[in-house]
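Quick note on our numbering: the sequence shown kicks off at 3 and runs consecutively.
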Amino acid sequence: MSRPAFLTTLILLTLTTPAQADAPAAAIADVCRNCHGTDSNTEIPPLPGAFNAASLKQKLQDYKTGQTDATIMPRIVKGYSDAELNAVADYFTTQNPN
Ligand code: HEC
C-alpha cells in the first residue's frame, strides 16, 4: 500500500470507529450467563424469561444507583451504559427459559 493510501485508510478508520460503541445485547448476555445459569438449581436466578422488561431494567438501574445494596451486581452494572443495560434487559425478556 502506498503511503497516501495507507494514511487515507487510517483516517477513514479513525473517523468511522465510534469512541465507545455500546456492546451488542447478546454479547453482554453471555457475560451474565457466566453466573446466572439457565436452570433453577442455582442460587443466582436464571434470567431468560424470568422478569418482564420493565422490572428487569428497574432492577439493573437500582443496582447501578445504589438503591439496591448487593455484593456483585452493583460492580457489574456500573461497567455498562444505561442503553446497554436496557438492551440486555430487552434481550433476556425475549429468551425462553432453558
Ligand atoms: C459474577 C457473577 C455475576 C454476573 C456476571 C452477573 N450477575 Fe447478576 N447476580 C449475581 C449475584 C451474586 C446476584 C445476587 C445479588 C448480589 O449479590 O449482587 C445477582 C442478581 C441479579 C439480579 C436480581 C435478581 C432478582 O431476583 O432480583 C438481576 C436482575 C441480575 N443479577 C441481572 C444480571 C445481568 C443482566 C447480568 C449481565 C449484565 C448479570 N446479572 C451478571 C451474580 C452475577
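Glycine residues also receive a C-beta, built at the ideal position from the N, C-alpha and C atoms.
These figures come from a predicted structure and were not determined experimentally.
Checklist entry - Pick from G39, D71, L49: whose alpha carbon is nearest that of V90? => result Residue 90 sits at position 88 when you count from the first residue of the sequence shown. The candidate whose alpha carbon is nearest that of V90 is L49.
Next on the checklist: Along the chain, where does the alpha helix (DSSP H) containing T95 start, and where does it finish?
Outcome noted: Your numbering for residue 95 matches position 93 in the sequence shown. Start and end: 84-95.
Checklist entry - How about H38 and I30: do their beta carbons lie closer than 9 Å? => result As a first step, residue 38 is located in the sequence shown; it is residue number 36 there, counting from the start. As a first step, residue 30 is located in the sequence shown; it is residue number 28 there, counting from the start. No, the Cβ-Cβ distance between H38 and I30 is not below 9 Å.
Next on the checklist: Closer than 8 Å to a non-hydrogen atom of ligand 1 - does that hold for the CB of T73?
Outcome noted: The sequence position of residue 73 within the sequence shown is 71, counting from 1. Checking the Cβ of T73 against ligand 1 gives yes.
Item to check | Outcome for K59 when other beta-carbon atoms lying within 10 angstroms are tallied against a minimum of 16 | outcome: By one-based count along the sequence shown, residue 59 stands at place 57. Here K59 is buried: its Cβ has 16 or more other Cβ atoms, across all protein chains shown, within 10 Å.
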